[in-house]
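Chemist:
Chains as they are written, first to last, in our numbering: chain F, 1 to 466; chain B, 467 to 799.
Structure (structure tokens):
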């Protein structure tokens with residue numbers, strides 16, 4: 001016997017039956033699903049006494065123990081950053097040599113074809129040089145940092161870091177996994193912002209996105225290292241210089257971590273009010289890293305992805321820099337004139353006009369801050385490396401352009417705290433799908449940078465230190 | 467044309483242009499404001515009627531914080547819309563008025579559910595937020611919200627949510643001050659007004675669904691216990707807590723402890739997830755396999771004791787103390 005049941009009747013019946021459901025019926029459904037799954041697993045899976053399980057437990061106890069756990073974390077992060085910085089130096093020079101040699105060749109070719117100097121300059125000294133610079137400075141550190149970081153991720157070590165550090169983030173109203181997105185930020189803040197997808201609650205994820213920029217990415221490391229070497233380490237005996245320079249950079253990084261936590265706390269007390277919610281963190285078993293997967297995720301997903309976005313913004317920036325340096329204005333060029341005009345504002349922050357100009361031009365990529373500064377200071381027509389010895393840099397900055405210790409300290413602070421680069425802002429916009437949060441990310445970082453540098457400058461001056 | 471004439475014309479456009487002019491925006495704002503007032507008045511009347519008494523112009527003026535003259539005008543307005551009737555000094559809801567009032571209450575309580583379950587706002591902030599959002603919603607929009615939340619029957623304070631047809635499910639409860647001194651009771655409602663008393667109750671650590679017993683009852687103070695902690699409250703504050711006799715399922719839980727209290731490697735079986743955990747968090751717990759009857763034990767501790775990692779179904783899952791204390795377990799050997 002068949003009966004004709006209309007869909008509407010089924011719905012209506014369901015509607016009336018719903019009232020009789022007990023409150024826990026959803027729990028019961030999930031419970032029955034798990035019971036069924038367990039039955040299937042019991043029939044299909046054979047378990048032997050698991051030696052690996054004991055080993056996992058032993059490693060876990062070691063890496064989360066108070067005496068050994070914290071040092072392991074610090075040592076691993078230091079090794080990765082050291083590998084990145086020192087390894088990248090060599091590779092960057094090699095890539096730069098090749099790319100710039102090609103640029104010189106192109107330049108010569110255009111000249112021999114009698115193409116006007118300004119077309120040659122614009123294309124080869126502007127657009128091409130901007131691209132070449134960003135690729136040579138950005139590619140090697142990312143190609144080292146991301147695979148190294150991904151090995152730790154694949155091993156299963158990273159969730160243990162989040163587990164160890166969660167208490168800090170809980171106090172700041174944030175999620176323990178934010179420590180991982182911050183560590184990713186050392187490689188590149190844009191990648192750090194993308195990495196916040198691992199945080200499943202929206203409020204804590206937004207906090208992680210907005211504060212990621214307080215971790216200096218490796219595009220900002222050269223600036224910090226140059227300043228540490230020229231201004232801090234130079235006053236110590238030569239044997240200690242590299243150690244002092246490294247500790248200075250570590251100190252700056254710690255200030256960045258402090259600001260990240262402070263800003264997370266402030267955000268969760270104001271704009272993003274709420275309790276830290278639904279913290280769950282899976283600690284997967286340790287695994288042997290899968291090399292091909294590591295290379296794929298770190299090089300294709302992360303390095304190439306970031307590099308491509310950076311190149312899109314570096315080419316126009318290169319063009320702009322060349323125009324500023326080559327359009328005459330008064331006795332000098334446009335860049336010098338704008339720097340002069342910005343100078344009072346720069347001095348107010350303990351910096352100078354050239355630094356402010358360099359940071360405005362360098363919004364697309366932080367890697368070009370130092371070459372742009374050197375270009376204006378040395379009156380060159382394109383981005384250049386500074387003098388090759390620390391003494392020469394010192395005499396250029398202090399002797400010829402009136403830098404003081406305050407300028408160096410404030411530049412380090414400004415490099416640490418200032419607005420995200422264009423790539424990161426674009427990524428924040430894509431991840432949050434909101435113009436509002438992208439704008440806020442710029443306002444809070446730039447606001448902090450202005451406030452902190454203004455305060456240190458004012459305090460240092462009123463105490464007669466500078 | 468002189469510049470001042472131009473300025474005058476520009477000003478006139480800004481003020482008088484239909485829809486987007488200042489005047490028209492002001493009118494919209496006035497209409498919305500009046501609607502809010504009417505709806506708040508309706509809620510007050512419904513609230514009074516559910517307590518078996520009737521509202522008066524004075525009580526209405528007090529609740530809405532309005533001047534007497536304005537209240538009189540509001541009452542006249544609502545009477546002309548056939549929402550209420552005055553009988554002497556008493557205000558009575560009409561059938562139409564009650565239907566509308568229940569609609570607003572439904573909106574308010576569904577919003578509160580949403581804010582706690584999905585937006586995961588702290589309990590003490592939700593009343594204000596829901597109050598802002600309860601107006602200007604159609605029945606269809608409410609149905610959508612209702613379905614998205616999985617047709618909840620109670621708001622986070624334990625109050626019943628009216629059905630679409632305007633029926634209010636009844637709860638049998640009494641203020642804890644009227645509960646017999648011996649015997650376990652379950653907190654089914656914590657009144658969120660006045661806010662000061664509500665915050666005191668939350669600050670004391672009492673929460674919805676908790677099983678309590680009265681251990682001391684004097685005119686000075688009330689001492690409640692959940693078998694673990696003691697909670698001291700002034701009787702006037704305690705009167706804001708409503709309790710009901712314990713259902714069977716909860717009697718079992720009374721002997722359970724929270725997951726956060728287990729010692730290292732102490733094996734236990736999950737009894738139930740706390741009633742206060744709903745929405746996103748509950749789904750997350752269930753997804754991770756934290757279902758009733760599952761074996762679980764703490765295996766790994768952070769240096770500061772929080773969070774801890776628990777072994778469950780062969781995987782290791784870290785939970786903060788706040789989360790672990792929402793999971794009830796029964797130690798086993």
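C-beta atoms are modelled at their ideal positions from N, C-alpha and C, and glycine is treated no differently.
Values in this document were obtained by computation on a predicted structure and should not be read as measured data.
(1) Going by DSSP, name the residue or residues bridged to residue 452 (chain B).
(2) Would you grab the beta carbon distance between residue 413 (chain F) and residue 445 (chain F) for me? Rounded to a whole angstrom, and I think it's under 8 Å.
(3) Is it the case that the segment 329-345 of chain F contacts the segment 140-150 of chain F, given that we only count it when at least three CB pairs across the two stretches are under 8 Å?
(4) For the beta strand (DSSP E) that contains residue 620 (chain B), what are its first and last residues?
(5) List the DSSP bridge partners of residue 709 (chain B).
(6) With 9 Å set as the bound, which would you pick, yes or no: does the beta-carbon of residue 588 (chain B) sit closer than that to a beta-carbon of chain F?
(7) I'd like to know if residue 17 (chain F) contacts chain B, where contact means its C-beta is closer than 9 Å to some C-beta of that chain.
(8) Could you tell me which chain B residues have their CB closer than 7 Å to the CB of residue 34 (chain F), listed as they occur along the chain?
(9) Using CA atoms only, rank isn't needed, just tell me which of F:284, F:441, F:415 is closest to residue 427 (chain F).
(10) Could you work out which residues of chain B lie near residue 31 (chain F), taking near to mean beta carbons separated by less than 9 Å?
(11) What does residue 781 (chain B) touch in chain F if you count any residue whose Cβ is under 7 Å from its own?
(12) For residue 770 (chain B), does the three-state DSSP call read helix, strand or coil?
(13) Going by beta-carbon coordinates alone, are residue 369 (chain F) and residue 380 (chain F) separated by less than 9 Å?
(14) For a contact meaning CB atoms closer than 8 Å, what does residue 768 (chain B) contact in chain F?
(15) Relative to the C-alpha of residue 803 (chain B), which residue among B:659, B:578, B:575, B:510 is closest?
(16) Along the chain, where does the beta strand (DSSP E) containing residue 592 (chain B) start, and where does it finish?
(17) Could you tell me the alpha carbon to alpha carbon distance between residue 113 (chain F) and residue 125 (chain F), rounded to whole angstroms?
(18) Going by alpha carbons, who is nearest to residue 756 (chain B) out of F:35, F:217, F:462?
(19) For residue 364 (chain F), count the other beta carbons within 10 Å of its own beta carbon; 16 or more makes it buried, fewer makes it exposed. Which is it?
(20) Excluding five sequence neighbours on each side, which residues of the same chain lie with their C-beta closer than 6 Å to the C-beta of residue 574 (chain B)?
(21) Check the Cβ-Cβ distances between residue 616 (chain B) and every residue of chain F, and say whether any is below 9 Å.
(22) Using 9 Å as the threshold, is the C-beta distance between residue 322 (chain F) and residue 447 (chain F) below it?
(23) Less than 9 Å between CB atoms is the rule here; does residue 773 (chain B) satisfy it with respect to chain F?
(24) Over what stretch of residues does the alpha helix (DSSP H) that includes residue 569 (chain B) continue unbroken?
(25) Where are the alpha helix (DSSP H) runs, 4 residues long or more, that stay fully inside the segment 326-365 of chain F, in chain order?
(26) Using only alpha-carbon positions, find the residue among B:743, B:786, B:770, B:799 that is nearest to residue 586 (chain B).
(27) Give a yes or no on whether the minimum CB-CB distance between residue 216 (chain F) and chain B is below 9 Å.
(28) Between residue 640 (chain B) and residue 671 (chain B), what straight-line distance do the alpha-carbon atoms span, to the nearest angstrom?
(29) Going along chain F in order, which residues have a C-beta closer than 9 Å to the C-beta of residue 739 (chain B)?
(30) Let me check understanding here. Comparing Cα to Cα, which of F:211, F:247, F:89, F:128 lies closest to residue 107 (chain F)?
(31) Report the CB separation of residue 424 (chain F) from residue 213 (chain F) in whole angstroms; it is logged as a contact under 8 Å.
(32) Can you tell me which of the three DSSP states residue 529 (chain B) falls into?
(33) Ignore the nearest five residues each way along the sequence and tell me which others in residue 146 (chain F)'s own chain have a CB closer than 6 Å to its CB.
(34) Quick one: Cα of residue 655 (chain B) to Cα of residue 675 (chain B), how far?
(35) Taking Cβ positions only, does residue 279 (chain F) come closer than 9 Å to chain B?
(36) What runs of the beta strand (DSSP E), each 3 residues or longer, lie entirely inside the segment 185-252 of chain F?
Modeler: This is what the structure holds:
(1) A query on residue 452 (chain B) cannot be resolved here, the shown segment of chain B reaching from 467 to 799 and no further.
(2) Along the first chain, read from residue 1 onward, the residue named residue 413 (chain F) stands at position 413. Along the first chain, read from residue 1 onward, the residue named residue 445 (chain F) stands at position 445. Between residue 445 (chain F) and residue 413 (chain F) the Cβ distance is about 12 Å, and since that is not below 8 Å, they are no contact.
(3) no
(4) Numbered from 1 along the second chain, position 154 holds the residue referred to as residue 620 (chain B). Counting along the chain, residue 620 (chain B) falls outside any beta strand (DSSP E), and DSSP gives it neither H nor E.
(5) Position 243 of the second chain, counted from the start, is the residue given in the question as residue 709 (chain B). In the DSSP output, where bridge partners are listed per residue, residue 709 (chain B) has B:640, B:653.
(6) By 1-based counting over the second chain, the position of residue 588 (chain B) is 122. Yes, residue 588 (chain B) counts as interfacial toward chain F.
(7) Counting from one through the first chain, the residue named residue 17 (chain F) turns up at place 17. So, not an interface residue.
(8) Mapped onto the first chain, residue 34 (chain F) falls at position 34. Near residue 34 (chain F) (Cβ distances below 7 Å), the residues of chain B are 755, 757.
(9) On the first chain, position 427 is the one that residue 427 (chain F) refers to. Among F:284, F:441, F:415, the Cα nearest to that of residue 427 (chain F) belongs to F:441.
(10) Taking the first residue of the first chain as 1, we reach residue 31 (chain F) at position 31. Residues of chain B passing the Cβ test: 752, 757, 758, 759, 760.
(11) As a first step, residue 781 (chain B) must be located in the second chain, where it is residue number 315. In chain order: 282.
(12) Position 304 of the second chain, counted from the first residue, corresponds to residue 770 (chain B). It is coil, neither helix nor strand.
(13) Locating residue 369 (chain F) in the first chain gives position 369, where the first residue counts as 1. Locating residue 380 (chain F) in the first chain gives position 380, where the first residue counts as 1. Cβ atoms of residue 369 (chain F) and residue 380 (chain F): not closer than 9 Å.
(14) Translated into the one-based positions of the second chain, residue 768 (chain B) becomes position 302. What residue 768 (chain B) touches in chain F: 64, 163, 164, 166, 167.
(15) Past the boundaries of the shown model lies residue 803 (chain B); chain B is included only from 467 to 799, so the question cannot be answered.
(16) For this step, residue 592 (chain B) is matched to residue 126 along the second chain. Element bounds for residue 592 (chain B): not the beta strand (DSSP E) but the alpha helix (DSSP H), 592-599.
(17) Counted from its first residue, the first chain places residue 113 (chain F) at position 113. Counted from its first residue, the first chain places residue 125 (chain F) at position 125. Spanning the two alpha carbons is a distance of roughly 17 Å.
(18) Taking the second chain and counting its residues from 1, one reaches residue 756 (chain B) at position 290. Out of F:35, F:217, F:462, F:35 has the C-alpha closest to the C-alpha of residue 756 (chain B).
(19) In the first chain, the residue the question calls residue 364 (chain F) occupies position 364. Buried, by the Cβ-count rule.
(20) Locating residue 574 (chain B) in the second chain gives position 108, where the first residue counts as 1. For residue 574 (chain B), where only same-chain residues beyond five positions count, the Cβ hits under 6 Å are 596, 600.
(21) For this step, residue 616 (chain B) is matched to residue 150 along the second chain. Chain F contact via Cβ: present.
(22) Position 322 of the first chain, counted from the start, is the residue given in the question as residue 322 (chain F). Position 447 of the first chain, counted from the start, is the residue given in the question as residue 447 (chain F). Their beta carbons are not under 9 Å apart, which means residue 322 (chain F) does not touch residue 447 (chain F) by this criterion.
(23) For this step, residue 773 (chain B) is matched to residue 307 along the second chain. Residue 773 (chain B) counts as touching chain F.
(24) In the second chain, residue 569 (chain B) corresponds to position 103, counting from 1. That run of the alpha helix (DSSP H) goes 561-583.
(25) 334-348, 353-361
(26) Stepping through the second chain from its first residue, residue 586 (chain B) is reached at position 120. Checking every option, the nearest Cα to that of residue 586 (chain B) belongs to B:743.
(27) What you label residue 216 (chain F) is simply residue 216 of the first chain in a count that begins at 1. Residue 216 (chain F) does not count as touching chain B.
(28) As a position in the second chain, residue 640 (chain B) is number 174, starting the count at 1. As a position in the second chain, residue 671 (chain B) is number 205, starting the count at 1. Distance between the alpha carbons of residue 640 (chain B) and residue 671 (chain B) is about 20 Å.
(29) Here residue 739 (chain B) refers to the residue found at position 273 of the second chain. In chain order: 24, 27.
(30) On the first chain, position 107 is the one that residue 107 (chain F) refers to. Of F:211, F:247, F:89, F:128, the residue nearest in Cα terms is F:128.
(31) In the first chain, the residue the question calls residue 424 (chain F) occupies position 424. In the first chain, the residue the question calls residue 213 (chain F) occupies position 213. Between residue 213 (chain F) and residue 424 (chain F) the Cβ distance is about 6 Å, and since that is below 8 Å, they are a contact.
(32) Along the second chain, one-based indexing puts residue 529 (chain B) at 63. In the structure shown, residue 529 (chain B) sits in a helix (DSSP, three-state: H, G or I).
(33) On the first chain, residue 146 (chain F) is found 146 positions in, with the first residue counted as 1. So the qualifying residues of the chain are 187, 298, 302, 303.
(34) Residue mapping note: residue 655 (chain B) aligns to position 189 of the second chain, counting from 1. Residue mapping note: residue 675 (chain B) aligns to position 209 of the second chain, counting from 1. Residue 655 (chain B) and residue 675 (chain B): Cα-Cα distance of roughly 8 Å.
(35) The count along the first chain starts at 1 and reaches residue 279 (chain F) at position 279. Yes, contact with chain B.
(36) none
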